[in-house]
Amino acid sequence: MSHQSVLLEIYRRLNECYGPQHWWPADSPFEIMVGAILTQNTAWTNVEKAINNLKDAKALNVHVLIELSEENLAKLIRPSGYFNVKSKRLKHFVSWFETAGRFNGLKKLNNEMLRKRLLDVNGIGPETADDILLYAFERPVFVIDAYTRRLFKTLGLIDGTESYETLRRFFESSLVSDVGLFKAYHALIVRHAKEKCTHESSCLHCMVESPL
DNA sequence: ACCCAGGGTCATA
DNA sequence: TATGACCATGGG
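According to the working numbering, the first sequence is numbered sequentially starting from 39.
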């Protein structure tokens, strides 16, 4: 059986268990990018609080974020944790974003170039870059996170020690390159990890027992 | 009281 | 290249 059919079958079952997930939850692509940085190693419920603070302060835009001091920005995003680190990272990101000509400038770059540029920003690593590429720029990039690693290790499809790039290539070369599929797949993997499948163990749709 | 969450950087060997 | 310390809040 090809990797393609295995991965599609897993997707089919996840989708049957949980249905559409409406991801990424945000009002705009810019909010997605800010959220991608804020959610680094952090529960999403905490990120929501930080984003709401930014909205209440009318600070969820390039101009205000550039003007805002690092200290004041840290206060606003406090609930998301690592607030000093993330304040710096957001500042790095918005300065870069503005300099690069925002969406109209950046959307001209191909996937590989855009990814390279994102990774040059201090505070943006592979997963954050791919969140931004997939959900904000609608590029067909498969996001690898800890949940993905765990699930597919449990399924015996990967060893679990592979590098980020190796795993990303595995998914991207095994699946048809489709933004909608990649978005939905990643969202379902997260959903499956967070809300463990409550179906009977005999459930034919969930081939996986909850990871330990 | 402990554990973890939609990671990434930096210093060290 | 590869491991470890560090960042920090809030919910279980």
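Cβ coordinates follow ideal geometry from the N, Cα and C atoms, glycine included.
- Within 10 angstroms of the Cβ of Gly73, are there 16 or more other Cβ atoms? Answer buried if so, exposed if not. Here residue 73 refers to the residue found at position 35 of the first sequence. Buried is the call here.
- Only counting runs of 4 or more residues, tell me where the alpha helix (DSSP H) segments fall wholly within the region 162 to 235, in order along the chain. If we require 4 residues or more, the alpha helix (DSSP H) runs fully inside the region 162 to 235 come out as 164 to 169, 184 to 192, 202 to 212 and 217 to 232.
- Item | Residue from Ala174, Arg155, Pro164 and Tyr120 whose Cα sits closest to the Cα of Thr137 | Taking the first residue of the first sequence as position 1, residue 137 is located at position 99. With distances taken between CA atoms, Thr137 lies nearest to Arg155 out of Ala174, Arg155, Pro164 and Tyr120.
- Query: CB-CB under 6 Å to Lys191, same chain, minus the five flanking residues each way: which ones, in chain order?
  - Reply: In the first sequence, residue 191 corresponds to position 153, counting from 1. Within the same chain, Cβ atoms closer than 6 Å to the Cβ of Lys191 are found at Gly198, the five residues on either side in sequence being excluded.
- Message: Is it buried or exposed, Asp168, if we count other Cβ atoms within 10 angstroms and call 16 or more buried?
- Response: For the purposes of this step, residue 168 is taken as the residue at position 130 of the first sequence. Flag for Asp168 reads buried.
- Query: Can you list, in chain order, the stretches of the alpha helix (DSSP H) that have 4 or more residues and sit fully within the region 45 to 100?
  - Reply: Entirely contained in the region 45 to 100, the alpha helix (DSSP H) runs reaching 4 residues are, in chain order, 67 to 76 and 82 to 94.
- Can you give the Cα-Cα distance for Asn110 and Leu193, rounded to whole angstroms? Here residue 110 corresponds to residue number 72 of the first sequence, with the count starting at 1. Here residue 193 corresponds to residue number 155 of the first sequence, with the count starting at 1. Those two C-alpha atoms are separated by around 45 Å.
- Smallest Cα separation from Pro263: which of Ala225, Ala231, Glu210 and Ile182? Here the chain has residues from 39 to 250 only, and residue 263 is not among them.
- Query: Near Glu176, what residues of its chain come up, given a Cβ to Cβ distance below 7 Å and the 5 sequence neighbours on each side ignored?
  - Reply: The residue given as residue 176 occupies position 138 in the first sequence. Closer than 7 Å at the Cβ level, and outside the excluded window around Glu176, lie Val217.
- Message: I'd like the list of long-range same chain contacts for Asn53, defined as Cβ closer than 8 Å, with 5 residues on each side in sequence excluded.
- Response: Position 15 of the first sequence holds residue 53. Excluding residues within five positions, the ones whose Cβ falls inside 8 Å are Ala222 and Leu226.
- Item | Identity of the residue in Ala174, Leu106, Thr83 and Tyr49 nearest Leu144 by Cα | Position 106 of the first sequence, counted from the start, is the residue given in the question as residue 144. Selected option, being the one with the closest Cα: Ala174.
- Message: For the alpha helix (DSSP H) containing Ala138, name the first residue and the last one.
- Response: As a first step, residue 138 is located in the first sequence; it is residue number 100 there, counting from the start. Run containing Ala138: none; DSSP gives neither H nor E here.
- Message: Comparing C-alpha positions only, which one of Ala64, Phe135, Asn91 and His130 sits nearest to Gly161?
- Response: The residue labelled residue 161 in the question sits at position 123 within the first sequence. Checked all of Ala64, Phe135, Asn91 and His130; the closest Cα to Gly161 is His130.
- alpha helix (DSSP H) containing Met151: first to last residue? The residue labelled residue 151 in the question sits at position 113 within the first sequence. Run containing Met151: Asn149 to Leu157, per the alpha helix (DSSP H) assignment.
- Residues of its chain near Gln42, where Cβ-Cβ distance is below 7 Å and the 5 sequence neighbours each way are ignored: For the purposes of this step, residue 42 is taken as residue 4 along the first sequence, with counting starting at 1. Leaving aside the five residues that flank Gln42 on each side, the residues in its chain whose CB is nearer than 7 Å to its CB run, in chain order, Ser212 and Leu213.
- Item | Nearest-angstrom Cα separation, counted from Phe180 out to Leu45 | Residue 45 sits at position 7 when you count from the first residue of the first sequence. Residue 180 sits at position 142 when you count from the first residue of the first sequence. Computed Cα separation, rounded: 13 Å.
- Whole angstroms is fine: what's the gap from Tyr202's alpha carbon to Arg187's? Within the first sequence, residue 202 is the residue found at index 164, counting from 1. Within the first sequence, residue 187 is the residue found at index 149, counting from 1. In a straight line, the C-alpha of Tyr202 is about 9 Å away from that of Arg187.
- Taking Phe121 as the reference, which of Ala88, Gly139 and Arg153 has the closest Cα? Within the first sequence, residue 121 is the residue found at index 83, counting from 1. It is Ala88.
- Item | Lys113 - DSSP class collapsed to helix/strand/coil | Here the question's residue 113 lines up with position 75 in the first sequence. Taken through DSSP and simplified to helix, strand or coil, Lys113 comes out as helix.
- Item | Contacts around Val100, its chain only, beta-carbon distance under 8 Å, and the 5 residues preceding and following it disregarded | Mapped onto the first sequence, residue 100 falls at position 62. Around Val100, the same chain offers Phe68, Val132, Phe135, Glu136 and Arg140 as residues with beta carbons nearer than 8 Å, after the five sequence neighbours per side are excluded.
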